[in-house]
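Everything on this sheet refers to the single structure shown next.
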Amino acid sequence: MQSYKSDLYDTIYILRHGQRADKVHEPGVTFENKDDPPMTEIGRKQCYASAKYIQNQILNRNQSQQGKLEVKVYSSPFLRCIQSSEEVCRMFNINQFKVDTRLSENQATFYYDKDPLPNLILHDPKQLKKFQNQSLELQWNSNWYEEGRSLINYPDSSRTLKARFVSILEEIIQDEFNQNAQENLDNPKTVIMVSHGCAIEQLCEHFGGRWQFEEEYCAILGFLRKKGEEDWVQIEAGKAYYSTYLEK
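Each position in the sequence shown, counted from 1, maps to that position plus 5 in the numbering used here.
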């Protein structure tokens with residue numbers, strides 16, 4: 006039997022986006038796409054600080070890790086999540102993330118009167134450039150819509166909403182962690198899924214875990230698995246942790 010370091014852990018974090026600009030209610034501020042609002046500058050700082058918190062947790066759990074942290078980011082296609090993913094990538098000094106439609110906001114009829122995905126700002130490079138951090142050169146899968154359109158249908162029901170979040174989590178566990186697991190016993194990996202509050206709620210309910218989510222920006226749900234084992238254990242339970250790590 007192959008041995009492994011007992012203090013090395015793989016982790017998965019589901020991170021809610023930062024503060025939405027349309028919830029601040031600044032006088033005179035309007036948004037061209039009311040279904041896809043950006044974050045505020047405060048939201049960016051919240052996301053960067055949340056990534057710092059996650060980094061600290063990874064390092065504390067993997068103190069014998071000698072190499073570079075292996076971190077991958079998956080994102081909802083909504084603008085506030087794309088901006089959040091930018092800040093997470095900036096903190097971890099990585100240059101790419103993957104967009105997946107299954108991480109999208111709840112597309113219930115009481116939120117949207119039509120399917121929002123075809124009109125998201127991510128489709129329009131000229132519009133998107135206005136909201137991006139221009140100091141970063143990030144890449145993502147440009148075919149995200151064609152690749153993922155069949156994975157989500159408008160409108161969402163409670164059943165389909167939960168099913169798509171569970172589907173992508175299980176797929177990530179298989180593709181990122183279970184494949185070649187025995188070859189990577191000394192190399193802990195972290196996947197950060199940047200999504201919405203409904204993802205945290207639905208995944209907590211599905212796995213019967215602890216539940217503390219109170220609609221906080223950058224709330225975090227986490228799962229951990231010791232290297233060489235099969236079972237994942239819930240860690241963070243839907244609270245935000247960025248305040249300690251905010252840059253002054």
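Note that beta-carbon positions come from the ideal geometry of N, C-alpha and C, so glycine has one too.
Whole angstroms is fine: what's the gap from residue i's alpha carbon to residue j's?
i, j, result
"residue 254", "residue 190", "With the chain covering 6 to 253 only, the question about residue 254 has no answer from this structure."
"residue 112", "residue 19", "19 Å"
"residue 7", "residue 236", "In this prediction, residue 7 scores a pLDDT of 39, lower than 50, which makes its location untrustworthy; no coordinate-derived value is stated."
"residue 222", "residue 245", "7 Å"
"residue 174", "residue 15", "14 Å"
"residue 182", "residue 78", "14 Å"
"residue 227", "residue 67", "16 Å"
"residue 69", "residue 154", "42 Å"
"residue 195", "residue 76", "5 Å"
"residue 176", "residue 61", "26 Å"
"residue 162", "residue 121", "15 Å"
"residue 74", "residue 230", "16 Å"
"residue 160", "residue 86", "20 Å"
"residue 9", "residue 192", "Bear in mind that a pLDDT of 42 at residue 9, under 50, signals an unreliable position, so the model cannot answer this."
"residue 13", "residue 132", "42 Å"
"residue 204", "residue 167", "8 Å"
"residue 126", "residue 22", "16 Å"
"residue 146", "residue 152", "9 Å"
"residue 118", "residue 41", "13 Å"
Using 10 angstroms around the beta-carbon of residue i, count the other beta-carbons present and answer buried if the total reaches 16, otherwise exposed.
i, result
"residue 100", "exposed"
"residue 312", "The requested residue 312 does not occur in the structure, where the chain is confined to residues 6 to 253."
"residue 200", "buried"
"residue 35", "exposed"
"residue 249", "exposed"
"residue 243", "buried"
"residue 108", "buried"
"residue 184", "exposed"
"residue 39", "exposed"
"residue 37", "exposed"
"residue 139", "exposed"
"residue 28", "exposed"
"residue 164", "exposed"
"residue 110", "buried"
Tell me the DSSP secondary structure of residue i in three-state form.
i, result
"residue 250", "helix"
"residue 233", "coil"
"residue 27", "helix"
"residue 13", "coil"
"residue 68", "coil"
"residue 228", "strand"
"residue 22", "coil"
"residue 48", "helix"
"residue 57", "helix"
"residue 39", "coil"
"residue 220", "coil"
Taking Cβ to Cβ, would you say residue i is nearer than 8 Å to residue j?
i, j, result
"residue 211", "residue 238", "no"
"residue 88", "residue 25", "no"
"residue 143", "residue 91", "yes"
"residue 178", "residue 106", "no"
Counting contacts by CB-CB distance shorter than 8 Å, is residue i in contact with chain D?
i, result
"residue 47", "Included in the structure is just one protein chain, with no chain D present."
Run through the segment 173-207 for me and flag every whole beta strand (DSSP E) of 3 or more residues, listed as ranges in chain order. Those beta strand (DSSP E) runs which fall completely within the segment 173-207 and span 3+ residues are 194-200.
Which complete alpha helix (DSSP H) runs does the segment 70-98 hold, if anything under 4 residues is left out? Counting whole runs of 4 or more residues, the segment 70-98 contains the alpha helix (DSSP H) stretches 84-97.
Extract the residue ranges of the alpha helix (DSSP H) inside the segment 112-157, only unbroken runs of 4 or more that lie entirely within it. Taking only runs of at least 4 residues, the alpha helix (DSSP H) segments lying wholly in the segment 112-157 are 130-134 and 149-153.
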